[in-house]
Amino acid sequence: MGMIFFCSPIVSIFTDRLGCRITATAGAAVAFIGLHTSSFTSSLSLRYFTYGILFGCGCSFSFQPSLVILGHYFQRRLGLANGVVSAGSSIFSISFPLLIKTLGAKIKLAQTFQVLSTFMFILTLLSLTYRPLLPSSQDTPNKRGVRTLCQRILSQLRKYFNMRVFRQRTYRIWAFGIAAAALGYFVPYVHLMKYVEEEFLEIKQTWVLLVCIGATSGLGRLVSGRVSDSIPGLKKIYLQVISFLLLGLMSMMIPLCRGFGGLIVVCLFLGLCDGFFITIMAPIAFELVGPMQASQAIGYLLGMIALPMIAGPPIAGLLRNCFGDYHVAFYFAGVPPIIGAIILFFVPLMHQRMFKKEQRDSSKDKMLAPDADPNGELLPGSPIPEEPI
1 MGMIFFCSPI VSIFTDRLGC RITATAGAAV AFIGLHTSSF TSSLSLRYFT YGILFGCGCS
61 FSFQPSLVIL GHYFQRRLGL ANGVVSAGSS IFSISFPLLI KTLGAKIKLA QTFQVLSTFM
121 FILTLLSLTY RPLLPSSQDT PNKRGVRTLC QRILSQLRKY FNMRVFRQRT YRIWAFGIAA
181 AALGYFVPYV HLMKYVEEEF LEIKQTWVLL VCIGATSGLG RLVSGRVSDS IPGLKKIYLQ
241 VISFLLLGLM SMMIPLCRGF GGLIVVCLFL GLCDGFFITI MAPIAFELVG PMQASQAIGY
301 LLGMIALPMI AGPPIAGLLR NCFGDYHVAF YFAGVPPIIG AIILFFVPLM HQRMFKKEQR
361 DSSKDKMLAP DADPNGELLP GSPIPEEPI
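Be aware that the sequence shown starts at 1, since it is given in UniProt numbering, and climbs by one per residue.
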């Protein structure tokens with residue numbers, strides 16, 4: 001997951017330059033090659049490249065265009081469309097633990113990689129159906145004139161690295177809040193199975209927890225997509241605030257569960273929070289920066305998430321080694337999502353304040369402008385503007 005998000009800023013550049021169809025198709029093809037070649041490698045270091053880098057980068061190039069293309073087809077019901085599409089991953093999250101366990105018992109790891117690579121081949125064919133309806137940012141007309149070589153180079157760099165999204169203060173705060181929450185976001189998903197093996201020795205069917213997370217994540221994506229469409233503007237962010245608060249509290253509740261049934265309840269809420277957070281991320285990006293810059297906004301956001309998401313599980317592992325159990329690690333995992341929720345809470349308030357300020361400034365400009373009749377002639381008593389020399 002870290003590799004998928006880490007490549008997202010680069011993916012956004014390719015999406016803007018080449019379009020969603022070419023980017024997603026090429027990414028799925030690279031992911032297919034990475035999985036298929038992993039079946040022929042026996043060296044762990046080589047598998048780091050084929051599975052970690054090739055497969056991870058390919059998934060990144062196929063994942064982000066699937067979020068961007070929805071904004072081309074859906075404006076009024078973007079949240080619901082995003083929820084339906086992303087709920088598909090939850091269905092596979094439910095079925096894949098059983099599938100991989102069955103395949104691992106009957107065939108070897110190499111053949112398992114080959115079976116899984118067929119899904120990426122199918123994804124390659126499905127990506128060909130992407131047909132963008134909005135013009136890319138490269139299709140906008142540019143004023144041409146006499147420019148120096150340095151100006152032309154800077155112009156090309158701006159085309160590839162569009163940093164205009166960071167000029168919006170609300171986007172910067174929103175992205176920083178999500179990146180802060182991501183530090184503890186993945187800790188329960190990585191260490192939960194190992195924690196159950198240490199604390200609940202009599203439990204053998206630990207995969208039930210993953211199924212619970214996947215099931216409620218799919219439900220949360222469908223529900224949050226429908227709910228977000230009924231919430232106007234940036235007030236959708238409050239759904240992320242609630243989901244991060246619950247996610248942090250549920251992570252802290254894991255060490256307090258004395259029975260396996262309590263862990264199941266916690267995992268149900270974890271999946272629900274995951275569904276709410278993921279689904280409304282793209283609609284909020286479209287609200288903040290508009291459809292023309294949404295690809296870059298999503299790409300930079302996912303890139304910012306990558307580093308804390310990668311760092312969170314190893315830090316939790318170090319805490320486990322230092323204290324001898326996972327209790328402190330899960331307490332640590334609950335703090336960043338709560339901090340991120342507090343940061344995100346102020347984004348709609350700041351956006352509303354900036355909007356009111358713009359309205360006041362525009363009303364002042366209208367009051368200071370000279371009065372004119374509907375035909376464009378100055379009314380009696382209006383100051384006569386000076387003619388330009």
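Even glycine gets a Cβ: it sits at the ideal position worked out from N, Cα and C.
- When C-beta atoms of the region 25-33 are compared with those of the region 70-87, fewer than three pairs fall below 8 Å, so the two segments do not count as touching.
- For CYS267, the enclosing alpha helix (DSSP H) begins and ends at 260-279.
- The straight-line gap separating the alpha-carbon atoms of LEU268 and THR102 is approximately 24 Å.
- If the five residues before and after ARG221 are omitted, its C-beta is found closer than 7 Å to the C-beta atoms of GLY83, SER86, ALA87, SER90, GLY275, ILE278 and THR279, all from its own chain and listed in chain order.
- Under the Cβ criterion (8 Å, minimum of three pairs), the region 311-330 does not count as touching the region 209-219.
- By the Cβ-count criterion, THR124 is buried, with 16 or more other Cβ atoms from all chains shown falling within 10 Å of its own Cβ.
- Within the region 152-225, the complete alpha helix (DSSP H) runs of at least 4 residues fall at 169-185 and 187-199.
- In terms of CA proximity to THR129, SER66 leads the group GLU287, SER66, LEU344 and ALA110.
- Scanning its chain for C-beta atoms nearer than 7 Å, with the 5 sequence neighbours on each side dropped, one finds around TYR171 the residues VAL165, LEU288, VAL289 and ALA297, in chain order.
- Here PRO232 is exposed: its Cβ has fewer than 16 other Cβ atoms, across all protein chains shown, within 10 Å.
- In this structure, DSSP gives SER43 a state outside helix and strand, which the three-state scheme calls coil.
- Excluding residues up to 5 positions away in sequence, ILE173, PHE176, GLY177 and ALA180 lie with their Cβ nearer than 7 Å to the Cβ of ILE343 in the same chain.
- Rounded to the nearest angstrom, the gap between the Cα atoms of LEU109 and LEU246 is 37 Å.
- Taking a cut-off of 8 Å for Cβ pairs, the region 302-317 and the region 249-256 do not touch, as fewer than three such pairs fall below it.
- In terms of CA proximity to PRO314, TYR189 leads the group PHE63, TYR51, SER127 and TYR189.
- Under the 10 Å beta carbon count, THR118 is surrounded by fewer than 16 other beta carbons and is classified as exposed.
- Three or more beta-carbon pairs separated by less than 8 Å are not found between the region 9-21 and the region 30-48, which leaves the two stretches without contact.
- When DSSP states are grouped into helix, strand and coil, LYS236 belongs to the helix group.
- If you ignore the 5 residues before and after PRO132, its C-beta comes within less than 6 Å of the C-beta of GLY19, CYS20 and HIS72, all in its own chain and listed in chain order.
- Per DSSP, reduced to three states, the secondary structure at CYS322 is helical.
- Around the C-beta of SER362, fewer than 16 other C-beta atoms lie within 10 Å, and the residue is accordingly described as exposed.
- For MET292, no alpha helix (DSSP H) encloses it, and the DSSP letter there is neither H nor E.
- For GLY19, the three-state secondary structure derived from DSSP is coil.
- Comparing C-alpha distances from TYR195 to each of GLN114, PHE92 and ASN321 shows the shortest one belongs to ASN321.
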